[in-house]
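Residue numbers (full-length UniProt numbering): 1 to 692. Cβ coordinates follow ideal geometry from the N, Cα and C atoms, glycine included.
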């Protein structure tokens, strides 16, 4: 029999069949021992050992799917550290990139506008929502700087996604909140409500009647409030006559289309609206937990109208307050004495009330006793990411504001909404200021602190090393943040964008090259990123910065040969190019038109032998330049003279070739035939058989 053992059961185990189960990364020695009995395995000399390295499970992307016209859903195989993919509800641009691409016909995908993101509660699904509809090909890039919750780097990921939405939008369903009177209408995708009209309102049951005021409320389009993602409309019917409650209305909308411009199949959408004030069971208490130093939080199965109260083990009675963002949550604020309670505490809770509760249901009309852990979290907030951005202050004559965004690992509270940092400034001229004062004003939302720096103090270009003091923020349990140093860089651009190119022209020497000329010295990396240039219908294969001085810069765009099929005016878009050494921020998207000549070289349509000593090569268009060919038969050279005339090259031979035996025609290095626009002919070896 064979017995299997491992020397490191902390890393892996092995069963009697030799199947190894990995537990954690490490190295094990797996030994297989042969013996007549199990007891004899320990003394057997017939054994073999292999070394096995157990690697940490890699983090990767399981799928990236365009769910609808404005939603991209990315699923990971592990929970992701939110700070590495999101800055608040915005994407972390350093790690998550979504770019419009050109298709095989050179068509650029539609612009997406602002992008927002949300990570699921389990950390495995990132949902990206765009302001505008996806329409075309988009390049999704996720960098290996994205980390799992356990700190493992994501395997770098790139995928091109394509969506051309031609589906007609439709009404999906309606939903009623716990009051029974606020109704949400959901559509199949994000909608354009700008031209919406309510064409008709009627009761589904023709035998029923409705008050004029109810019909008027339903027919007034301003009573319908669109959601942030444009996928639903909500209408508050709290004021309708009691006799009209619990009736179903058909509401006909016209003028609706989806974000891609598709209209409903019949031009209209009929949605159904109904309230529900029928009696229901009382809301059930789901949880009662300590969520902050001064806060106990109760969650319920339904929305709460009357919050009720709690009685603590010290005899203190506290009235609740319904959460303004989620009516299924009730918060109880502890006094300073009660906040010092710790360990397991008996808490009585009761006398809450939900909406439309059955008269016979008195389940909340008394106290329910719960055991609550009053021990508090002792870990302070940790700064995960920070970023400096520039914004135009439209209230102050478009002056530049410098915004420093700090993202923590948990929801935080500001100690003060204004103050001073101490920083060290290393200027671009190598001056050092070890005690540079930086004043700020601050706001906070959940995990994100937004600081506006004083522009009179944050006024020199260079690198600032800022010390964020102990207790700058606290969490809900009054734990203070630790002292932290961060480094930010102020550029010399003062927010000024790089001016648009002074000219864009096709090279007179090579029609495959477009010259983009700037008046200023530019940043090499952004200038040579071909994704920053787009010529409608034309493929750009390379961008090269060929001149870059204080007098200006020139970028050569190399086009794929034959990409310009017709001489015409083409739309050109240039974006994202910065000034040299941050002298200017990225230029605004610049659009113009440029006259481009076709760049497809002439091609041979016919090769003919004319008896007794002439070969005529015919092209598909008029040509110019120098013709030079080698014409051989049986190793003997026959070419003597060449003449270009309109669309032909005539080759005169030095002697009469042998009839019926093939002549080989090969262009020499001196051959340089182009069309009238300078596009070179690409000529391969040709053959012709001489005949009388």
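Asked                                                                                                                                                                                             : Found
Starting from residue 135, follow its DSSP beta bridges and name the residues at the other end.                                                                                                   : BP columns for residue 135 are empty, so no partner.
I'd like the span of the beta strand (DSSP E) that includes residue 215, first residue to last.                                                                                                   : Counting along the chain, residue 215 falls outside any beta strand (DSSP E), though it belongs to the alpha helix (DSSP H) covering 212-219.
Going by the beta-carbon positions, is the gap between residue 630 and residue 619 smaller than 8 angstroms?                                                                                      : no
Can you give me the C-alpha to C-alpha distance between residue 210 and residue 203, rounded to a whole angstrom?                                                                                 : 8 angstroms
When you compare only the Cα positions, how much space is there between residue 553 and residue 582?                                                                                              : 15 angstroms
For residue 171, tell me which candidate among 105, 372, 524 and 191 has the shortest Cα-Cα distance.                                                                                             : 191
Is it buried or exposed for residue 197, if we count other Cβ within 10 angstroms and need 16 for buried?                                                                                         : exposed
Keeping to the same chain, check which residues put their C-beta closer than 6 angstroms to that of residue 348; ignore five residues upstream and five downstream.                               : 311, 367 and 369
Would you call the segment 115-124 and the segment 503-512 touching, i.e. three or more CB-CB distances under 8 angstroms?                                                                        : no
Thinking residue 130 and residue 115 are a contact (beta carbons under 8 angstroms), I'd like their distance in whole angstroms, please.                                                          : 6 angstroms
Going by DSSP, name the residue or residues bridged to residue 191.                                                                                                                               : 258
With C-beta atoms as the reference, is residue 555 less than 8 angstroms away from residue 527?                                                                                                   : yes
Relative to the C-alpha of residue 87, which residue among 454, 126 and 424 is closest?                                                                                                           : 126
Quick one: give me the first and last residue of the beta strand (DSSP E) that residue 34 is part of.                                                                                             : 26-34
Can you tell me which of the three DSSP states residue 355 falls into?                                                                                                                            : coil
For residue 421 and residue 438, which I take to be in contact (beta-carbon distance under 8 angstroms), what is that distance rounded to the nearest angstrom?                                   : 4 angstroms
What whole-angstrom Cβ distance do residue 307 and residue 320 have, given they're in contact under 8 angstroms?                                                                                  : 3 angstroms
For residue 593, I'd like the list of residues in its chain whose CB is within less than 6 angstroms of its CB, leaving aside the five on either flank, ordered along the chain.                  : 569 and 571
Whole angstroms are fine: how far does the CA of residue 316 sit from the CA of residue 338?                                                                                                      : 8 angstroms
Skipping 5 residues on each side, what residues in its chain have a beta carbon closer than 6 angstroms to that of residue 481?                                                                   : 380, 381, 472 and 473
So, under 8 angstroms CB-CB, residue 354 and residue 304 are touching, yes? Tell me the CB distance rounded to an integer number of Å.                                                            : 6 angstroms
Throw me the rounded Cβ distance for the residue 536 and residue 108 pair, which I believe falls under 8 angstroms.                                                                               : 7 angstroms
What do you reckon, are the CB atoms on residue 577 and residue 523 nearer than 8 angstroms?                                                                                                      : yes
If we count the other Cβ atoms within 10 Å of its Cβ and call it buried at 16 or more, is residue 635 buried or exposed?                                                                          : exposed
Contact defined as beta carbons within less than 8 angstroms: I believe residue 534 pairs with residue 558. What is the distance between those atoms, to the nearest angstrom?                    : Rounded, the Cβ-Cβ distance is 15 angstroms, inconsistent with contact.
Just mark residue 610 as buried or exposed, buried being the case when its beta carbon has 16 or more other beta carbons within 10 Å.                                                             : exposed
In terms of DSSP beta bridges, what is residue 290 paired with?                                                                                                                                   : 296
So residue 218 and residue 273 are supposed to be a Cβ contact under 8 angstroms. How far apart are they, rounded?                                                                                : 7 angstroms
Where do the N-terminal and C-terminal ends of the beta strand (DSSP E) with residue 63 fall, by residue?                                                                                         : 61-68
Does DSSP put residue 445 in a helix, a strand or coil?                                                                                                                                           : strand
In three-state terms, what does DSSP make of residue 250?                                                                                                                                         : strand
Name the DSSP bridge partner or partners of residue 518?                                                                                                                                          : 553
What number of angstroms, rounded off, separates the C-alpha of residue 378 from the C-alpha of residue 419?                                                                                      : 26 angstroms
Considering only the alpha carbon of each residue, which of 520, 681, 430 and 545 lies closest to residue 599?                                                                                    : 681
Do you know offhand how far residue 427's Cα is from residue 96's?                                                                                                                                : 31 angstroms
Could you name the residues of the same chain whose beta carbon sits closer than 7 angstroms to that of residue 262, not counting the 5 residues immediately before and after it, in chain order? : 165, 166, 167, 168 and 169
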